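Protein sequence lines correspond, in order, to chains D and U.
Per the numbering used here, the first sequence runs over residues 2 to 292.
Per the numbering used here, the second sequence runs over residues 952 to 1238.
Glycine included, C-beta positions come from ideal geometry on N, C-alpha and C.
Quantities reported herein were computed from a predicted structural model and do not represent experimental measurements.
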Amino acid sequence: MKPKMMDKLGSFFAFFCALLSVLITIFILVFIFFKGIRTFTVDKISIFHFLFSANWNMENQNGQAGALAFLLGSISVSLLALLLSLPLSLGLSVFTAEISRKIGENFLQPVVEMFAGIPSVVYGWMGLSILVPIIRKSFGGTGFSLLAGGIVLGIMIFPTITSISVDTLKALPRDLREASLALGATRWQTIKHVLLPAALPGILTGVVLGLARAFGEALAVQMVIGNSVRIPDSLINPVHTLTSILTMEMGNTTWGTLWNDALWSIALLLLMISLFFIGLIRFFAKRRVFR
Amino acid sequence: MPKKKIATIIALCLVGALILSACSGREKQGEKQNVSGTIIAAGSTAMQPLVEEAANQFMAKNPGIQVQVQGGGSGTGLKLVSDGTVQIGNSDVPAEDKLDKEKAKELIPHKVCVVGFAVIVNPAVKVDNLTKDQLIGIFTGKITNWKEVGGDDLKIVVINRPAGSGTRATFTKYALDGREETQGMALTQDSSGTVKKAVADTPGAISYIALSYVDSSVKVVKLDGVEPSKENIVEGKYPVWSYEYMYTKGEAAGVVKTFIDYMLGDEVKPIIEKLGYIPIGDMKVTR
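Structure below.
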């Protein structure tokens, strides 16, 4: 084959791939949108009720599709996970990028990558077998709780936040450190006042990616949070999340019923939240000063 | 030039893949004409182990027929068979409970076997027997401590199956007389396996699972003094059991009929008994 011909074939192939991925995305968006709004257009449930009622009672004739308990459950478990993993991730990334690159790169980074590679069902199973009994013995309740979900998710998202923060910190130009040290700042002052602020947009990108992962994770959370339809009111009480209601109930509903439609609406809600997160990441990426 | 070489190799691979896929497509078509093709049975996870094992035995005897068994839940099974996506929909619940009346009418049930459900508690719970009223009280949240039903001073932890699960529907209907839990009171676990683990690990826990899943890690409770044994179910003394159905759209025909007849025949009976289900032929009562 002639090089020119190869070129054309190659560029056609690349264009085809790009087009395909865009098309698939659009199809998914459109499909979930039209399935998701059926609850409001066909079944006449008001959006207000869907978003602000925690009454999820689908087995009766007049189903009540209030998703508030799941939405609040997802938000609280993700924020708790972030709260637990952020200090760990920041400390680890500062250590790896600024304090000891040698230990960081040879030892810590492989360990962090290993955490990212463990399948979520393994985290869930470990949480169910180890974490839940520990929480039950030390804090009371049944152990199946918001806290258990937060800890499991925290462990799952910390590799994401850590590796992005490390990359951002490492990508900062040498000049910044040298200028700061030349002004007489200590290493701690340099990290605190120069490097962390400069890396903030990148770290925030990591945080949002971590949050998005926490929001979308289904299996591991479902195994440890107890799945009780209630507004989260205590760390040791069970909650339900948007993803766990989907995995629990989708197999038991039939196409076209209010119940099924309401689950699609929850899927639409999840999709919109993740689109929001993607928007946030793009926003932060634009703000990045140093690449 | 190595680049050119790589490009050529990729191009060759693509062409090869195209040819191969074209060939395999043709082969499949040929198979369909020659023998009889593929049956897909999807739905109830409670039935899945039984159908899988029976299908393997069936395929060994009928090499021309391919039976694929999938899970997905009773609702999914009924939906798929009603759409015509699969030939057989497995379900723990009658189609009328899940589908519109018109759609349910098109489906024909084949009762494969009976499955019984046991109320199970954490092994440390000292209660051996519960009356129906006590059970209803516990699952609706009126009774919250084991001492109210003759046990130790221990909080009752109710573990439920997700709403819509076939197991839960059967339990609610025949053990609780249709009474539902108060929202937000119980924990929910998705599968029989996790329910069993949660009950075995959590002090004061109570739940229900199919008899085929019961083992020594949990304690089985009598209901109104009746043990959930095969004999008691067959005699009609123990009420919490349901049929396992295979649904077809319209009368089963061709290979599907062959397979369903096989499922209902004597050859599958040993598998049904081995896995802890009860053959239809043994039942002395009907529903």
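| What is the DSSP secondary structure of Gly1201 of chain U, reduced to helix, strand or coil? | coil
| message | Does Leu24 of chain D pass the burial test, meaning 16 or more other C-beta atoms within 10 Å, or should it be called exposed? | response | exposed
| Assigned exposure category for Cys1064 of chain U - 16 Cβ within 10 Å defines buried | buried
| task | Check Phe1068 of chain U in the structure and name its three-state DSSP category. | result | strand
| Do you know offhand how far Arg977 of chain U's Cα is from Lys1208 of chain U's? | With a pLDDT of 41 at Arg977 of chain U, under the threshold of 50, the predicted position of this residue should be treated as unreliable, and no value is reported.
| chain U beta carbons: is any one of them nearer than 7 Å to that of Asn253 of chain D? | yes
| query | When the Cα atoms are used, what is the spatial distance from Leu276 of chain D to Gly994 of chain U? | reply | 33 Å
| Test item: CB-CB of Ile1110 of chain U and Val1076 of chain U under 7 Å | no
| task | Compare the beta carbon distance of Asn1183 of chain U and Val1191 of chain U with 7 Å and say whether it is the shorter of the two. | result | no
| Which residues of chain D have a Cβ atom closer than 8 Å to the Cβ of Pro1113 of chain U, listed in chain order? | Asn228, Met249, Glu250 and Asn253
| query | Within the 7 Å Cβ cut-off, does Glu218 of chain D reach chain U? | reply | no
| field | Candidates D:Arg288, D:Leu272, D:Thr191 and D:Val225, of which the one nearest Val31 of chain D by Cα | value | D:Leu272
| field | Same chain, Cβ closer than 8 Å to Leu148 of chain D, five either side skipped, listed in chain order | value | Leu81, Ile136, Phe140, Leu236 and Ile237
| query | Do Gly75 of chain D and Phe278 of chain D have their C-beta atoms closer together than 7 Å? | reply | First, the residue type needs correcting, since residue 75 of chain D is Ser and not Gly in the sequence shown. Against a cut-off of 7 Å, the Cβ pair of Phe278 of chain D and Ser75 of chain D comes out as no contact.
| task | Return the residue from the list U:Thr1091, U:Glu1195 and U:Tyr1159 that minimises the CA-CA distance to Gly1024 of chain U. | result | U:Glu1195
| So Ser1042 of chain U is in the alpha helix (DSSP H); what residue range does that whole segment cover? | No alpha helix (DSSP H) contains Ser1042 of chain U, which is instead part of the beta strand (DSSP E) from Ile1039 to Ser1042.
| query | Pick from U:Lys1220, U:Val1206 and U:Ile1222: whose alpha carbon is nearest that of Pro1014 of chain U? | reply | U:Val1206
| task | Name, going along the chain, the residues of the segment 1102-1136 of chain U whose beta-carbon falls closer than 8 Å to a beta-carbon of chain D. | result | Val1108, Pro1113, Ala1114, Gly1115, Ser1116, Gly1117, Glu1131, Gln1134, Gly1135 and Met1136
| field | Asn1080 of chain U to Gly1102 of chain U span [Cα, whole Å] | value | 10 Å
| query | Nearest-angstrom Cα distance between Ile152 of chain D and Pro1179 of chain U? | reply | 39 Å
| Where does Ser1167 of chain U fall in DSSP's three states? | coil
| field | Which listed residue (D:Leu184, D:Ser266 and D:Ile274) has its alpha carbon closest to that of Val43 of chain D | value | D:Ser266
| Between which two residues does the alpha helix (DSSP H) carrying Gln223 of chain D extend? | Leu220 to Val225
| Is DSSP giving Pro1000 of chain U helix, strand or coil here? | helix
| field | chain D within 7 Å of Ser972 of chain U, Cβ atoms only | value | Confidence at Ser972 of chain U is low in this model, with a pLDDT of 49, below 50, so its placement is unreliable and the value that follows should be read with caution. False, the Cβ-Cβ gap to chain D never drops below 7 Å.
| message | Just to make sure I have the definition right: I need the residues of chain U whose C-beta is within less than 8 Å of the C-beta of Glu179 of chain D. Which are they? | response | Within chain U, no residue comes near Glu179 of chain D; the closest Cβ sits about 41 Å away, beyond 8 Å.
| request: Say whether chain D places a C-beta atom closer than 7 Å to the C-beta of Leu1031 of chain U. | output: no
| Beta-carbon contacts of Leu259 of chain D that lie in its chain and below 6 Å, excluding the five residues immediately before and after | Asp44 and Gly64
| query | Cβ of Trp256 of chain D less than 7 Å from any chain U Cβ? | reply | yes
| task | Check Val1219 of chain U in the structure and name its three-state DSSP category. | result | coil
| Which of helix, strand or coil DSSP assigns to Lys45 of chain D | coil
| query | How close, in whole Å, do the beta carbons of Asn228 of chain D and Leu1138 of chain U come, if the pair is a contact with beta carbons under 8 Å? | reply | 7 Å
| said: Taking the straight line between their C-alpha atoms, what separation do you get for Ser47 of chain D and Leu1050 of chain U? | reply: 24 Å
| field | Below-7 Å beta-carbon distance, Phe145 of chain D vs any chain U residue | value | yes
| From D:Ala68, D:Leu10 and D:Ile282, pick the residue whose C-alpha is nearest to that of Leu269 of chain D; which is it? | D:Ala68
| query | Is any beta-carbon of chain D found at less than 7 Å from that of Lys1049 of chain U? | reply | yes
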